[in-house]
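Undergrad: Residue numbers (my numbering), protein chains in the order written: chain P, 4 to 209; chain V, 10 to 263. Backbone N, C-alpha and C define an ideal beta-carbon position, used for all residues, glycine too.
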Amino acid sequence: MPQTIAIVDYKMGNIHSVYKKMLHITSNIIVTNSAEEIAKADKIILPGVGHFAKAMKQIHELGIFNTLHEHVSIKQKPILGICLGMQLFANTSEEGNVPGFGWIDAHVKRFEISNTLQYKTPHTGWNEAFLVKDSNIMNNIEENTPFYFVHSYHYICNHQQDILLQTEYEYLFTSAVEKNNIFGVQFHPEKSHENGTKLLRNFVKI
Amino acid sequence: MFKPRIIPVLLLRDNILVKSVRFAKHNYIGDPINAVKLFNDLEADELVFLDIHATKDKRAIPIYIIKEIGEEANMPFAIGGGITSIHQIKQYIKAGAEKVIIGSQAAIQPDFVFHAAEEFGSSTIAVCIDVKKNILGKQIVHTHNGINKTNYSPIEFAQLMQDKQAGEIIIQSIDRDGTMKGYDIELIQSISKQVTIPVVALGGAGSLQHLQQAFTYGYANGLAAGSLFVYHGSNKGVLINYPNKTERNQIFTQ
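(1) So, Asn-184 (chain P) versus Pro-81 (chain P), is the Cβ gap smaller than 8 Å?
(2) Got a sec: is the Cβ-Cβ distance from Glu-256 (chain V) to anything in chain P below 8 Å?
(3) From Ile-47 (chain P) to Val-30 (chain V), what does the alpha carbon distance come to, in whole angstroms?
(4) For Glu-181 (chain P), report the span of its beta strand (DSSP E) as first-last.
(5) Using a Cβ-Cβ cut-off of 8 Å (strictly less than) and excluding sequence neighbours within five positions of His-124 (chain V), which residues of its own chain qualify?
(6) Between which residues of its own chain and Asn-161 (chain P) is the CB-CB distance below 7 Å, once the five residues before and five after are set aside?
(7) Can you tell me whether Leu-56 (chain V) is buried or exposed? The criterion is at least 16 other CB atoms within 10 Å of its CB, across all chains shown.
(8) Any chance the stretch 154-168 of chain P sits against the stretch 120-127 of chain P, with 3 or more Cβ pairs inside 8 Å?
(9) Using a cut-off of 7 Å between C-beta atoms, extract the partners of Phe-11 (chain V) located in chain P.
(10) When we look at the beta-carbon of Asn-143 (chain V) and count the other beta-carbons within 10 Å, is it buried (16 or more) or exposed?
(11) Leaving out five residues on either side along the sequence, give the residues of the same chain with a beta carbon under 7 Å from the beta carbon of Ile-116 (chain P).
(12) My understanding is that Tyr-22 (chain P) touches Ile-8 (chain P), with C-beta atoms under 8 Å, so please give their C-beta distance in whole angstroms.
(13) Which of helix, strand or coil does DSSP assign to Ala-82 (chain V)?
(14) Quick test of your reading: Ile-134 (chain V) and Val-122 (chain V), contact by CB under 8 Å. State the CB separation rounded to the nearest angstrom.
(15) Can you have a look at Pro-149 (chain P) and say buried or exposed, based on whether 16 or more other CB atoms are within 10 angstroms of its CB?
(16) What are the boundary residues of the alpha helix (DSSP H) that includes Ile-117 (chain V)?
(17) Note down, in chain order, all residues in the stretch 178-199 of chain P with a beta-carbon under 7 Å from any beta-carbon belonging to chain V.
(18) Closest Cβ-Cβ distance between Thr-119 (chain P) and chain V: below 8 Å?
(19) Is the beta carbon of Gln-198 (chain V) less than 8 Å from the beta carbon of Tyr-161 (chain V)?
(20) At 9 Å on the CB atoms, spell out the chain P contacts of Glu-195 (chain V), in chain order.
(21) Under three-state DSSP, which class holds Val-57 (chain V)?
(22) Does the distance between the C-beta of His-54 (chain P) and the nearest non-hydrogen atom of the ligand FMN fall short of 7 Å?
(23) With distances taken Cα to Cα, identify the nearest neighbour of Ile-16 (chain V) among V:Glu-256, V:Ala-210, V:Gly-242, V:Phe-261.
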């Protein structure tokens with residue numbers, strides 16, 4: 004039986020572009036916020052744009068927190084978090100100071116930029132991502148490839164081994180994480196032309 | 010290295026693309042969906058669509074056009090023109106827009122920007138500030154496609170929009186629009202120095218060198234242009250174009 008990938012629609016931001024991009028890659032893709040459908044899926048994508056605390060509130064209200072936790076943390080289903088979705092994997096965020104899923108031992112903080120003339124927040128635009136460790140999700144993607152970013156907050160990982168990619172914006176920050184079955188990218192692969200598509204395709208293959 | 014976005018700005022009027030000079034003399038450019046396809050092939054960083062008559066006609070941009078653009082666009086795109094409600098923004102984002110651009114309503118009701126940013130996150134909300142010099146040469150913020158004057162100077166209005174949680178400022182010089190003689194660098198720089206959010210330069214770009222000036226001297230984070238990406242040559246033949254990777258790298262490494 005072919006695998007099913009569930010894109011979790013918890014009513015935060017633009018699900019449409021992720022869905023559209025995934026449809027080009029695989030036909031077995033669904034958009035859902037039902038606990039039952041998430042439980043049935045083989046892989047999960049957690050997208051999202053917006054406020055951390057509000058996102059967690061939505062996830063609790065939809066009654067999918069426990070389902071996601073069970074299938075990611077215990078059943079070890081592969082999950083890809085995009086932008087805010089990735090941030091929710093952390094213990095907590097300065098943006099609202101509420102707990103996230105805690106799958107990655109990290110917290111999320113706002114950019115602390117000194118040169119605000121050159122480095123504006125949100126970090127918006129194309130920037131290079133440097134590979135910190137080898138990963139199947141980066142297969143066939145050129146070194147230091149640029150991806151499309153839009154975010155004001157970033158990861159601080161407590162364990163170096165969870166860091167997959169780093170990006171420089173006045174200083175180096177974690178732009179992707181990987182821990183076992185858990186993958187998170189701060190940028191938008193669905194909006195990053197060919198290299199973004201490759202990353203999504205790699206996730207389907209994992 | 011971080012690279013500023015190079016952003017084609019496409020003007021919608023009655024569902025076709027046009028291009029203006031100083032917000033008037035609209036010239037027919039073509040079909041919006043066809044333009045998106047061409048910009049896909051050219052790997053444009055981002056696109057902006059502005060419906061120039063929406064505010065004046067007291068209507069919003071038709072949803073079906075945004076859906077069609079959303080179906081086609083391989084890059085992020087922003088939509089502006091006549092946006093006055095949270096409900097509209099919700100529909101546009103659902104239809105595939107990455108960002109919305111609030112223009113006139115931001116000046117009429119600055120708190121609208123705050124409510125929109127609260128609802129959708131700052132990075133989804135851009136504010137376009139249209140600026141025109143008065144007879145004394147003072148820069149004044151205008152609304153309604155450049156027709157109505159406000160009491161705001163661009164600097165104080167940009168600061169106000171940042172305070173209201175806008176995620177980005179598009180600073181547009183009406184006096185330079187369509188002239189292709191270069192950006193108003195002084196204006197752009199004054200806004201960049203005032204705010205900590207991204208500033209997108211718009212109005213007057215006619216060459217890649219102009220883009221570079223807005224980046225180097227204006228500290229613009231996005232380099233937007235209309236005519237530059239829809240016209241070709243001195244007689245302004247319509248031709249969708251965009252700098253290739255080598256040209257883009259040259260702009261930002263000098």
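TA: So, from the listed chains and residues:
(1) Taking 8 Å as the Cβ cut-off, Asn-184 (chain P) and Pro-81 (chain P) qualify as a contacting pair.
(2) Nearest CB-CB separation between Glu-256 (chain V) and chain P: not below the 8 Å threshold.
(3) Whole-angstrom Cα-Cα distance: 49 Å.
(4) First-last of the beta strand (DSSP E) with Glu-181 (chain P): 174-182.
(5) Excluding residues within five positions, the ones whose Cβ falls inside 8 Å are Ile-95.
(6) For Asn-161 (chain P), the CB contacts under 7 Å within the same chain, skipping 5 residues up- and downstream, are Asp-108, Ala-109 in chain order.
(7) Burial is judged here by how many other beta carbons sit within 10 angstroms of a residue's own beta carbon; Leu-56 (chain V) has at least 16 and is buried.
(8) Touching, yes.
(9) Result: Gly-128, Asn-130, Tyr-172.
(10) Asn-143 (chain V) should be labelled exposed.
(11) Here the set comprises Tyr-122, Thr-124, Glu-173.
(12) The Cβ separation is near 10 Å, so there is no contact.
(13) Ala-82 (chain V): coil per DSSP, three-state reduction.
(14) 6 Å between Cβ atoms; contact.
(15) So Pro-149 (chain P) counts as buried.
(16) First-last of the alpha helix (DSSP H) with Ile-117 (chain V): 113-117.
(17) Listed by position along the chain: Lys-194, His-196.
(18) Yes, Thr-119 (chain P) counts as interfacial toward chain V.
(19) Taking 8 Å as the cut-off, the Cβ atoms of Gln-198 (chain V) and Tyr-161 (chain V) do not count as close.
(20) Within chain P, no residue comes near Glu-195 (chain V); the closest Cβ sits about 15 Å away, beyond 9 Å.
(21) Secondary structure of Val-57 (chain V) (DSSP, three-state): strand.
(22) Absent from the structure shown: the ligand FMN. Ligands present: none.
(23) Of V:Glu-256, V:Ala-210, V:Gly-242, V:Phe-261, the residue nearest in Cα terms is V:Ala-210.
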